[in-house]
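Chemist:
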Ligand code: FES
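This is the structure we're talking about:
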């Protein structure tokens, strides 16, 4: 008997059930509101601060910068999770192929070994997020921890010769890590965790030189926020006619750099401590993984003017 003939009502009923599951283009559907609920205050909130403090206190600054992906120019965590996800998916495919099942256990083991550094990078990123992002991040971490537990059980079962159980646990782990990946996608693309929040500056600033104000308006040694059109700019007068200017919204999460502290030719963001060199915007320390847009400055006729070299490339 054909599959659809076994369903009461046959093909029309099956087609109608399938249509009911299809996303409605006029409504948000069920998935997004369910995930958005995770962003709201939860009972675990009192844990967020102490957990963040523990991560910051445990990892030295250089290790934290490396795990954030400062060397890469964007977060390293999404890159690192490719190994466990790839090996576990491959293991599932081998489990389905007759005669190939022996290698699946090795792939599960490789995935488990790669999951640890990937999780450490994720935890390090998580500690520098906003609270709604941290809440979704906790759910993401809990789901992936469950996946690791399932794969550990799967590997144990395989090593003990219980292949059916090993395969079943592996499939359950794959589904679980898929849910964790979807939550990670929500964090990255819906909540913009890990995105470069200063990237739009080059497109928003017109090419060429722009007047900011009279030199005397900028006190020496005090970071000042100034608007260039709609773009907030941090202006810092080092002394005399030496003026530095960076995009004010921190590339990490949009914190106001003009509210930060300036020391040793660098500004430190007041939100999570990213440190940028004033001369060229270089991110000396994370969690920011990319340099901050830096303006060229000049003083003409007693007025400060700025120009964004990147803006010239945009047109
Ligand atoms: S907003 Fe996070 S370091 Fe600036």
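Residue numbers (our numbering): 217 to 531. Beta carbons: idealized from backbone N, C-alpha and C, even for Gly. Only a predicted model underlies this, so the values are computations on that prediction, with no experimental measurement involved.
Does the distance from the C-beta atom of residue 508 to that of residue 461 stay below 7 Å?
Modeler: On the chain shown, position 292 is the one that residue 508 refers to. On the chain shown, position 245 is the one that residue 461 refers to. Taking 7 Å as the Cβ cut-off, residue 508 and residue 461 do not qualify as a contacting pair.
Chemist: My assumption, with CB atoms under 8 Å, is that residue 367 sits in contact with residue 389. Please give the rounded CB distance.
Modeler: Within the chain shown, residue 367 is the residue found at index 151, counting from 1. Within the chain shown, residue 389 is the residue found at index 173, counting from 1. Between residue 389 and residue 367 the Cβ distance is about 4 Å, and since that is below 8 Å, they are a contact.
Chemist: Please confirm whether residue 425 and residue 523 have their CB atoms less than 7 Å apart.
Modeler: Taking the first residue of the chain shown as 1, we reach residue 425 at position 209. Taking the first residue of the chain shown as 1, we reach residue 523 at position 307. Taking 7 Å as the Cβ cut-off, residue 425 and residue 523 qualify as a contacting pair.
Chemist: Identify which residue in 378, 248 and 331 has its Cα closest to the Cα of residue 361.
Modeler: In the chain shown, the residue the question calls residue 361 occupies position 145. Per the Cα distances, 331.
Chemist: Since residue 293 contacts residue 334 with CB under 8 Å, what's their CB separation in whole angstroms?
Modeler: As a first step, residue 293 is located in the chain shown; it is residue number 77 there, counting from the start. As a first step, residue 334 is located in the chain shown; it is residue number 118 there, counting from the start. Yes, they are in contact, since the Cβ atoms of residue 293 and residue 334 sit about 6 Å apart, within 8 Å.
Chemist: Is it right to say residue 506 is buried, meaning 16 or more other beta carbons lie within 10 angstroms of its own, or is it exposed?
Modeler: Numbered from its first residue, the chain shown carries residue 506 at position 290. Residue 506 is buried by the Cβ-count criterion.
Chemist: Would residue 450 pass as a contact of residue 439 if the rule is Cβ separation under 7 Å?
Modeler: Working through the chain shown from its first residue, we reach residue 450 at position 234. Working through the chain shown from its first residue, we reach residue 439 at position 223. Result yes, Cβ atoms of residue 450 and residue 439 sit closer than 7 Å.
Chemist: Could you pull out every residue in the same chain whose Cβ sits closer than 6 Å to the Cβ of residue 218, ignoring the five residues on either side in sequence?
Modeler: The sequence position of residue 218 within the chain shown is 2, counting from 1. Here residue 218 scores only 49 on pLDDT, less than 50, and its place in the model should not be relied on; the value that follows carries that caveat. Hits under 6 Å: none found.
Chemist: Beta-carbon distances below 7 Å to any heavy atom of ligand 1 define the shell here; list its residues in chain order, please.
Modeler: Chain-ordered list of matching residues: 344, 466, 468, 469, 470, 471, 485, 487, 488, 489, 490, 503 and 504.
Chemist: Between 386, 353 and 414, which has its C-alpha nearest residue 364's C-alpha?
Modeler: In the chain shown, counting from the first residue as 1, residue 364 sits at position 148. For residue 364, the nearest C-alpha among the options comes from 386.
Chemist: Does residue 374 get closer than 7 Å to chain C when you measure Cβ to Cβ?
Modeler: Chain labels in this structure do not include chain C; a single protein chain is all it has.
Chemist: Measuring straight from C-alpha to C-alpha, what distance separates residue 487 and residue 349?
Modeler: Stepping through the chain shown from its first residue, residue 487 is reached at position 271. Stepping through the chain shown from its first residue, residue 349 is reached at position 133. Taking the straight line from one Cα to the other gives about 15 Å.
Chemist: Tell me, please, which residues DSSP counts as bridged to residue 501.
Modeler: Counting from 1 along the chain shown, the entry for residue 501 is found at position 285. Answer is 491, bridged to residue 501.
Chemist: Mind checking whether residue 468 and residue 504 have CB atoms under 7 Å apart?
Modeler: By one-based count along the chain shown, residue 468 stands at place 252. By one-based count along the chain shown, residue 504 stands at place 288. Against a cut-off of 7 Å, the Cβ pair of residue 504 and residue 468 comes out as a contact.
Chemist: State buried or exposed for residue 300, treating a residue as buried only when at least 16 other CB atoms are found within 10 Å of its CB.
Modeler: On the chain shown, residue 300 is found 84 positions in, with the first residue counted as 1. The residue in question, residue 300, is buried, as its Cβ has 16 or more Cβ neighbours within 10 Å.
Chemist: Run through DSSP, which three-state label would residue 387 get?
Modeler: Taking the first residue of the chain shown as 1, we reach residue 387 at position 171. Residue 387: helix per DSSP, three-state reduction.
Chemist: From the DSSP secondary-structure annotation, give me the bridge partner or partners of residue 472.
Modeler: As a working mapping, residue 472 is identified with position 256 in the chain shown. BP columns for residue 472 point to 465.
Chemist: Which same chain residues end up closer than 7 Å to residue 272 when comparing Cβ atoms and leaving out the 5 residues on each side of it in sequence?
Modeler: Working through the chain shown from its first residue, we reach residue 272 at position 56. Answer for residue 272: 343, listed in chain order.
Chemist: Just tell me which of 400, 413 and 284 has its CA closest to the CA of residue 447.
Modeler: Reading the chain shown from its first residue, position 231 is the one you call residue 447. Residue 447 has its Cα closest to that of 413, out of 400, 413 and 284.
Chemist: Where residue 465 and residue 404 are concerned, what is the direct C-alpha to C-alpha distance, given to the nearest angstrom?
Modeler: Along the chain shown, read from residue 1 onward, the residue named residue 465 stands at position 249. Along the chain shown, read from residue 1 onward, the residue named residue 404 stands at position 188. So the alpha carbons of these two residues sit roughly 19 Å apart.
Chemist: Sort 258, 266 and 336 by Cα distance to residue 285 and report the nearest one.
Modeler: Residue mapping note: residue 285 aligns to position 69 of the chain shown, counting from 1. Residue 336 is the option with its Cα nearest to residue 285.
Chemist: Along the chain, where does the beta strand (DSSP E) that runs through residue 302 open and close?
Modeler: Residue 302 sits at position 86 when you count from the first residue of the chain shown. Not the beta strand (DSSP E): residue 302 falls in the alpha helix (DSSP H), residues 298-312.
Chemist: CB residue 322 to CB residue 311, shorter than 7 Å?
Modeler: By 1-based counting over the chain shown, the position of residue 322 is 106. By 1-based counting over the chain shown, the position of residue 311 is 95. No, the Cβ-Cβ distance between residue 322 and residue 311 is not below 7 Å.
Chemist: Please state whether DSSP places residue 394 in a helix, a strand or coil.
Modeler: Residue mapping note: residue 394 aligns to position 178 of the chain shown, counting from 1. Residue 394: helix per DSSP, three-state reduction.
Chemist: Do residue 255 and residue 352 have their CB atoms nearer than 7 Å?
Modeler: On the chain shown, position 39 is the one that residue 255 refers to. On the chain shown, position 136 is the one that residue 352 refers to. It is a contact, given that the beta carbons lie within the stated cut-off.
Chemist: Under three-state DSSP, which class holds residue 455?
Modeler: Locating residue 455 in the chain shown gives position 239, where the first residue counts as 1. Correct three-state label for residue 455: strand.
Chemist: Beta-carbon separation of residue 441 and residue 474 under 7 Å?
Modeler: Within the chain shown, residue 441 is the residue found at index 225, counting from 1. Within the chain shown, residue 474 is the residue found at index 258, counting from 1. Their beta carbons are under 7 Å apart, which means residue 441 touches residue 474 by this criterion.
Chemist: On the CB-based measure, 16 or more other CB atoms within 10 Å of its CB, does residue 512 come out buried or exposed?
Modeler: By one-based count along the chain shown, residue 512 stands at place 296. The residue in question, residue 512, is exposed, as its Cβ has fewer than 16 Cβ neighbours within 10 Å.
Chemist: If I'm right that residue 327 touches residue 359 with Cβ under 8 Å, what's the distance once you round it to whole angstroms?
Modeler: Numbered from 1 along the chain shown, position 111 holds the residue referred to as residue 327. Numbered from 1 along the chain shown, position 143 holds the residue referred to as residue 359. The pair is not a contact, with the Cβ atoms about 15 Å apart (cut-off 8 Å).
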